[in-house]
Ligand SMILES: [Fe+2]
């Protein structure tokens, strides 16, 4: 299957709408991206600390079982029985000595080796497998696994570069900052958004929308385009970091930029302002640092709300978003309460995040019927070169996403900007 | 034995609760809570794992007020109409002026083109107190069984 994409511009400042709505594109994404030479976020080590602990998840459409062996090493395998294709493990998390498929009770050890086939030799010399059936050939398909600062990643491809090279210095620095101490997982939120998964990956790279769509951010000064901040990417422009410094602008600056009608801060105050309190935890004074990792994750700090987000594609028209919130193991009760209070800002009902789902769903619905020549416009922060910006009003990292996407999909235009 | 009058008053409280939300009378809905209240929406997953993360957490009536002000003035969300179906209220116990009560709910949501679906279902695990102004919620915990939230969560459940 080859895809014929007519890029109007080699800098990805025009992206055809049909790329969000094509079954052929989706099938190729599964092969070239999710099962291709990329590292995907799987889960946190803190979710499965003990030998025998496991977690199931999805990488694109592929079910994945992450399992900690008796010796402490972490393994990941396709959660699909080698016999009849049923999910071997039906639970999201737990602890076990062996993974057994309920269908015909084939069982696998904690590293994915097939260790048991009931009635392999039949009964009384009748039935069962032929002599040449070799269990060693029927283990679960393995992913390569690598951990970085307590985050577990997996890849299907032997060609994927080492994890730290894939993340690059920018992502490694951001993850190291966020994962600076042992974690305590505080819980989960999930939502199903009815739009193409790429719309969310773009949304996360779009600094331009943040303080326009999310009025709460502007109104209460959490994140304004007038603040000191910007975007940073890795050298391949596949990952990005959005950052801002609280208090680096004044209400006056913001008013001059937004105009009075867009800024309600005079009229609106919170009766309980603890929601907005920022307790500086790191050496720098960034109150907002949200990174996005190609192809399926985001790692966030807004004030003291800390979380990972995982994106699981569910066909052309939907994706699941899983938020895993954490604090640090040495947080006292007051700090834990503070984090739990601040997660009112995020998730499916977050005061600064609920809009994203709506924006994605209306974009997905309205662009579905567009003809092949119709495109989105991506040129805030300028056209041409894809590079870091030390200001907020830009969507350059969206073009970074498309440049790496096109490279992996084998659909780059001639003279493509990378 | 729970007095019939108390039982009927608690039934009315739940009826008002659903009716106010369905009619988008969030400011009236707010008045069904005492000042020192807790309102939270909890994914059943976290409740079963003993993990504290909620989908919405208001630790007092001011935080509930802030949520409503934000919805009215600082949030954009799906245009929708809700319909709550609340089961018969089960009164589990009484301690002083406080009643421990539970009810199941199903909440349907329709969009502005007339399409709708079952949006949320689960259980209310509540504490109701009788004030001079009748029964009010001191604590309301919405435990959501279908905790992978469809679309988004804006107005309270
Ligand atoms: Fe957003």
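Residue numbers (this note's numbering), protein chains in the order written: chain A, 29 to 446; chain B, 1296 to 1452. Each residue gets a CB set at the ideal place from its N, CA and C atoms; glycine is no exception.
Using only the alpha-carbon positions, how far apart do residue i and residue j sit?
i              : j              : result
residue 338/A  : residue 149/A  : 44 Å
residue 256/A  : residue 281/A  : 12 Å
residue 1418/B : residue 1400/B : 6 Å
residue 354/A  : residue 36/A   : 43 Å
residue 125/A  : residue 52/A   : 40 Å
residue 135/A  : residue 169/A  : 14 Å
residue 188/A  : residue 361/A  : 42 Å
residue 1441/B : residue 160/A  : 47 Å
residue 298/A  : residue 1361/B : 6 Å
residue 363/A  : residue 186/A  : 43 Å
residue 374/A  : residue 147/A  : 52 Å
residue 457/A  : residue 429/A  : Absent from the model: residue 457/A. The displayed extent of chain A is 29 to 446, so no value can be given.
residue 250/A  : residue 133/A  : 54 Å
residue 436/A  : residue 397/A  : 26 Å
residue 115/A  : residue 105/A  : 11 Å
residue 1372/B : residue 167/A  : 47 Å
residue 1320/B : residue 1450/B : 11 Å
residue 441/A  : residue 183/A  : 27 Å
residue 1404/B : residue 348/A  : 20 Å
residue 1414/B : residue 439/A  : 39 Å
residue 172/A  : residue 207/A  : 22 Å
residue 164/A  : residue 75/A   : 30 Å
residue 1408/B : residue 31/A   : 35 Å
Assuming contact is defined by CB atoms lying nearer than 8 Å, are residue i and residue j in contact in what I supplied?
i              : j              : result
residue 1346/B : residue 214/A  : yes
residue 1381/B : residue 1309/B : yes
residue 411/A  : residue 39/A   : yes
residue 72/A   : residue 178/A  : yes
residue 216/A  : residue 344/A  : no
residue 1387/B : residue 1397/B : yes
residue 247/A  : residue 1369/B : yes
residue 220/A  : residue 1445/B : yes
residue 1452/B : residue 1363/B : no
residue 119/A  : residue 389/A  : no
residue 56/A   : residue 88/A   : no
residue 234/A  : residue 273/A  : no
residue 323/A  : residue 84/A   : no
residue 1332/B : residue 1432/B : yes
residue 317/A  : residue 329/A  : yes
residue 16/A   : residue 392/A  : Since the displayed chain A opens at 29 and closes at 446, residue 16/A lies outside it and no answer follows.
residue 372/A  : residue 1352/B : yes
residue 96/A   : residue 403/A  : no
residue 405/A  : residue 236/A  : no
When the Cα of residue i is compared with those of the options, which residue comes out closest?
i              : options                        : result
residue 1385/B : 1377/B, 1395/B, 1367/B, 1415/B : 1395/B
residue 121/A  : 79/A, 132/A, 111/A             : 79/A
residue 231/A  : 171/A, 381/A, 440/A, 314/A     : 381/A
residue 1314/B : 1391/B, 1376/B, 1392/B, 1415/B : 1376/B
residue 413/A  : 391/A, 393/A, 419/A, 444/A     : 444/A
residue 130/A  : 117/A, 138/A, 142/A, 140/A     : 117/A
residue 229/A  : 46/A, 171/A, 269/A             : 269/A
residue 140/A  : 181/A, 108/A, 441/A            : 108/A
residue 1367/B : 276/A, 379/A, 405/A            : 379/A
residue 370/A  : 1301/B, 1342/B, 1348/B         : 1348/B
residue 94/A   : 236/A, 340/A, 123/A, 111/A     : 123/A
residue 286/A  : 212/A, 302/A, 332/A, 241/A     : 241/A
residue 1354/B : 1436/B, 1297/B, 1378/B, 1429/B : 1436/B
residue 1447/B : 415/A, 278/A, 385/A            : 385/A
Where does residue i fall in DSSP's three states?
i              : result
residue 210/A  : coil
residue 272/A  : strand
residue 58/A   : helix
residue 195/A  : helix
residue 148/A  : coil
residue 53/A   : helix
residue 1430/B : strand
residue 117/A  : coil
residue 64/A   : coil
residue 86/A   : strand
residue 428/A  : helix
residue 453/A  : What the structure shows of chain A is the stretch from 29 to 446, and residue 453/A is not part of that stretch, so it cannot be assessed.
residue 409/A  : coil
residue 491/A  : It is not possible to answer for residue 491/A, since the shown part of chain A is limited to 29 through 446.
residue 319/A  : strand
residue 1337/B : strand
residue 1246/B : Not covered by the structure: residue 1246/B. The range shown for chain B is 1296 to 1452.
residue 242/A  : coil
residue 204/A  : helix
Checklist entry - Which runs of the beta strand (DSSP E), 3 residues or longer, sit entirely within the stretch 341-396 of chain A? => result 347-356
Next on the checklist: Going residue by residue through the stretch 1364-1427 of chain B, where are the continuous beta strand (DSSP E) segments of at least 3 residues, counting only ones entirely within it?
Outcome noted: 1375-1381, 1385-1390, 1393-1406, 1411-1426
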